[in-house]
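Under the working numbering, think of the first position of the sequence shown as 29, with each following residue one higher. Using N, Cα and C, we set each Cβ at its ideal position, and we do this for glycine too. Input: a single structure, listed below in structure tokens.
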Amino acid sequence: MDDVATCRICGSAARPLRRGTARYLRCRRCDALTRDISAEGYAALDVSYDPDPLLAQRSRQELRSLLRVDDKRAVLQRATPRAGRKPRRFIDIGCGQGGYLCAAQELGYEVVGVEPSPGHSEVAREVFGFAVETGYFTPGMFAKGSFDLAMLSHVIEHIYDPDAFLAGALELLAPGGTLVVVTPNAASTVALASGPWWTMLKPVDHVSMLAPRTVRHLASLTGHTVRVRTSEFPSEPATATLAAARDAVKATLRRDAAHGSASAE
């Protein structure tokens, strides 16, 4: 019989899923996959996002290529107003080394970034010259309604309370503004088929894995309109299969070792 568990995001029933010693919960209603951990446990996670120190020594053009800025421009162009409205201000929350900031600047935006890693934010400032705040984003950090386009790229899966975090990000938008959220899809074909071996299940820092239903639920809480686009990474099925095989072999070896020890006694 399954344990009785509750989804941290929508409060519905959820079933447990283990990845090593970590327990995740798969929501039966919104499809979210959340780490079963307390707020205190989340705060105590030992997470580091510092980059390779040699990145700061690369030229702007070299780093632009490494960060795949052209691909990021394509993402932002889909969210950029085309008729009767000139692009104005852009913010990237969790901007890393500045890939999306570079893309937005090339599209005509005035750009600002927020990044918790001192190393990443230093690269964005030193190589690209961007205005980047070092620290975690908190509501009130910027004036409400001061940005036309906001970005959360591979950030929300790291957040314990995505509801409050998204509400804070949405407050930054000017009337008619857009928030773009890029995150692994917990209801993707690969995620569902891989189960506990899904490569995006990283207990150290991936605590809130969302799905299209989750995003629509969160948008409904604030009255915003949401548009969902999904895609599969070409390499992910093979990676997930190899990870599943590796973990299965490890589990078999552990069982055999335990059986051998018991027999020797």
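*Length of the line joining the Cα atoms of Ala-33 and Arg-106*: Counting only the Cα atoms, Arg-106 lies some 39 Å from Ala-33.
*Along the alpha helix (DSSP H) that carries Pro-190, what are the first and last residues, could you check?*
First-last of the alpha helix (DSSP H) with Pro-190: 190-198.
*Using the C-alpha atoms, what's the distance from Ser-222 back to Phe-118?*
Their Cα atoms are separated by approximately 36 Å.
*Under the assumption that Asp-59 contacts Ala-214 (Cβ atoms under 8 Å), give the Cβ distance between them as a whole number of angstroms.*
Asp-59 to Ala-214, Cβ: 6 Å. Contact.
*What's the gap between the Cα of Ala-42 and the Cα of Arg-241?*
If you take the alpha carbons of Ala-42 and Arg-241, they lie about 14 Å apart.
*Distance, Ser-40 Cα to Cys-55 Cα*: Inter-residue distance for Cys-55 and Ser-40 is about 7 Å (C-alpha atoms, whole angstroms).
*Hey, how far is the Cα of Cys-38 from the Cα of Pro-224?*
In a straight line, the C-alpha of Cys-38 is about 21 Å away from that of Pro-224.
*asked:* Is the separation between the beta-carbon of Pro-167 and that of Arg-47 shorter than 9 Å?
replied: For the pair Pro-167 and Arg-47, the CB atoms are not nearer than the 9 Å cut-off.
*Considering only residues of the same chain and omitting the five flanking positions on each side of Ala-5, which have a CB-CB separation below 6 Å?*
The chain is shown only over 29 to 293; residue 5 falls outside these bounds and no answer can be derived.
*Can you tell which of Ala-132, Arg-101, Thr-258 has its C-alpha closest to the C-alpha of Pro-115?*
The alpha carbon of Pro-115 has as its nearest neighbour, out of Ala-132, Arg-101, Thr-258, the alpha carbon of Ala-132.
*asked:* Suppose the cutoff is 6 Å on Cβ atoms and the five residues either side in sequence are ignored; what does the same chain contact list for Pro-146 look like?
replied: Non-local beta-carbon contacts of Pro-146 in its own chain, meaning distances under 6 Å to residues more than five positions away in sequence, involve Thr-162 in chain order.
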